[in-house]
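Numbering (the numbering used here), first residue to last: 10 to 490. Each residue gets a CB set at the ideal place from its N, CA and C atoms; glycine is no exception. No experiment lies behind these values; they were computed from the predicted model shown.
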Ligand SMILES: [Zn+2]
């Protein structure tokens with residue numbers, strides 16, 4: 010490892026990026042080199058400057074216009090597994106420079122297949138995914154950036170079936186979710202952002218049943234009703250962009266209430282023509298002021314010609330404060346598609362990098378001298394959620410009985426705890442206080458691992474958070490103080 014790699018690896022990293030297209034995050038220099046090496050057609054007179062000029066969007070028109078450069082440079086990469094691995098590796102280096110601790114980079118494997126015939130190519134698509142995974146693995150080792158991928162289908166092209174298959178095949182091996190992105194060949198006039206396409210809806214349902222996470226572009230090229238449709242029909246867990254949700258107060262309030270996560274992208278929101286720069290209040294500012302669950306992301310650096318840092322600078326110029334930015338990253342960490350234990354590790358790492366002491370940690374629970382003043386510790390209870398998932402209202406089993414009892418404790422809210430929680434933007438919370446007896450019962454039924462932590466806590470509350478998933482799924486969070 011060379012000294013600059015080492016410096017990048019040791020750089021404090023506190024950002025979490027959830028919406029960035031790997032196939033739109035290729036360095037201009039790399040594209041230039043690849044095109045030259047392969048003797049492929051370059052724009053204009055073939056100089057680097059002219060390539061760069063053709064790649065970066067200067068004037069906002071619409072999403073179709075924004076995506077046009079993909080039609081120039083995708084051919085330089087397609088079918089070249091070494092180039093794909095290199096791009097993934099370089100991406101990690103760039104993310105390290107952006108201070109990113111964890112990224113979920115999305116891409117469309119079909120783009121990089123090297124053929125326009127998408128059918129029956131699962132093996133080849135799998136090789137593309139493996140090449141990205143190799144690049145990310147090396148990148149993680151050398152630059153200290155953890156990277157997973159979301160696989161994107163191309164809207165209306167029948168690619169979604171392959172994508173779900175690939176998500177299943179690579180689940181736990183670098184791939185954490187799926188998405189649908191606009192095809193650069195789509196025409197703005199006829200484009201439906203979240204179509205009522207049975208194949209795509211069915212694929213999202215299949216993904217849900219298979220435990221594959223889902224995000225979906227909505228409220229960017231389309232209006233607020235597309236966001237509603239993405240949530241109601243596709244059961245997406247996060248929304249890509251979502252700016253135009255503010256056009257409908259009812260939908261906006263409901264998203265705010267349900268803690269729907271919006272993956273916002275400042276520079277791209279301008280360059281795609283979605284939100285003009287002169288707008289009185291950018292929706293991202295509104296999200297920040299209203300405590301909406303959102304994150305800050307870079308979308309397509311190849312096309313915006315900007316880095317994630319620039320996105321933070323732009324958002325700050327609109328009025329986002331340091332606190333808003335930190336919240337956005339914690340929102341992202343909570344909304345990411347990592348398994349619960351890895352998510353908890355990520356959140357812990359961010360606090361550590363921010364030099365904020367977590368009140369209860371594995372190392373401090375046994376220490377008598379640990380500080381009791383502000384011991385608040387929040388964690389997701391995956392096992393508890395799992396145990397409750399699938400039970401319906403008519404369920405009279407012992408587990409459901411415990412659950413109902415938890416709900417009944419809602420009257421006994423602890424005011425201090427409530428205030429503390431209302432100040433964290435990560436959850437929309439309804440605390441339920443649990444008496445020891447009931448807690449004990451719950452612990453016996455579900456939770457060996459939490460027992461250790463609870464033993465050392467001064468106070469325990471159970472929180473039920475309704476998720477955007479309509480399948481009666483509740484996210485349970487335990488707070489210890
Ligand atoms: Zn996108």
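Residue 186 has its CB no nearer than 7 Å to any heavy atom of ligand 1. Between residue 117 and residue 154, the CB-CB gap reaches or exceeds 8 Å.
Counting only residues of its own chain and dropping the five nearest sequence neighbours on each side, residue 238 has a CB closer than 8 Å to the CB of 203, 205 and 227.
As computed with DSSP, residue 203 is found in no beta bridge at all. Residue 73 sits in a helix when the DSSP states are folded into three classes. In summary, residue 330 is exposed, with fewer than 16 beta-carbon neighbours lying within 10 Å of its beta-carbon over all protein chains present. With a cutoff of 8 Å on beta-carbon distance, residue 320 and residue 275 are scored as near each other. Annotation: the continuous alpha helix (DSSP H) that includes residue 148 extends over 131–152. Boundaries of the beta strand (DSSP E) harbouring residue 304: 303–305, taken from the DSSP string. In the three-state reduction of the DSSP assignment, residue 324 falls in the helix class, which pools H, G and I. Looking at the backbone, the Cα of residue 322 and that of residue 342 are separated by about 20 Å.
Distances from the alpha-carbon of residue 363 to those of 339, 351 and 197 put 339 closest. Taking a C-beta distance under 8 Å as the contact criterion, residue 212 and residue 173 qualify as a contact pair. In this structure the stretch 173–193 does not touch the stretch 41–59; the number of beta carbon pairs closer than 8 Å is below three. The bridge partners DSSP lists for residue 271 are 248 and 303. The closest CA to that of residue 120, considering only 327, 143, 166 and 98, is found on 166.
Contact check for residue 77 against residue 193 passes: the beta carbons are separated by less than 8 Å. For residue 74, the distance from the CB to the nearest heavy atom of ligand 1 is not below 7 Å.
Within the DSSP bridge table, the entry for residue 124 names no partner.
CA-CA distance, residue 198 to residue 231, rounds to 11 Å. When secondary structure is reduced to three states using DSSP, residue 29 falls in the strand class. Between ligand 1 and the CB of residue 344, the shortest heavy atom gap is not smaller than 7 Å.
Nearest to residue 51 by alpha-carbon distance, out of 29, 80 and 75, is 80.
By the neighbour-count criterion, in which 16 or more other beta carbons inside 10 Å mark a residue as buried, residue 328 falls on the exposed side. In this structure, residue 226 has its beta carbon less than 7 Å from a heavy atom of ligand 1.
Taking the CA atoms as reference points, residue 251 sits about 19 Å from residue 310.
Boundaries around residue 46 are those of the alpha helix (DSSP H), 37–46, since no beta strand (DSSP E) includes it.
Your pair residue 273 and residue 304 checks out as a contact, with CB atoms roughly 7 Å apart and the cut at 8 Å. Leaving aside the five residues that flank residue 217 on each side, the residues in its chain whose CB is nearer than 7 Å to its CB run, in chain order, 223 and 244. Of the candidates 263, 253 and 337, 253 places its Cα closest to the Cα of residue 288. Judged by the Cβ position, residue 28 qualifies as a neighbour of ligand 1 at the 7 Å threshold, a heavy atom of the ligand being closer than this. Ranked by how close their Cα comes to the Cα of residue 15, the residues 129, 175, 87 and 148 have 148 in first place. Not one heavy atom of ligand 1 lies closer than 7 Å to the C-beta of residue 212. Contact check between the stretch 345–363 and the stretch 104–118: three or more CB pairs, one atom from each, fall below 8 Å, which counts as touching. Secondary structure within the stretch 170–249: the beta strand (DSSP E) runs of 3 or more consecutive residues, fully enclosed, are 184–190 and 222–227 (chain order). Taken atom to atom, the span from the alpha-carbon of residue 137 to that of residue 82 is near 17 Å.
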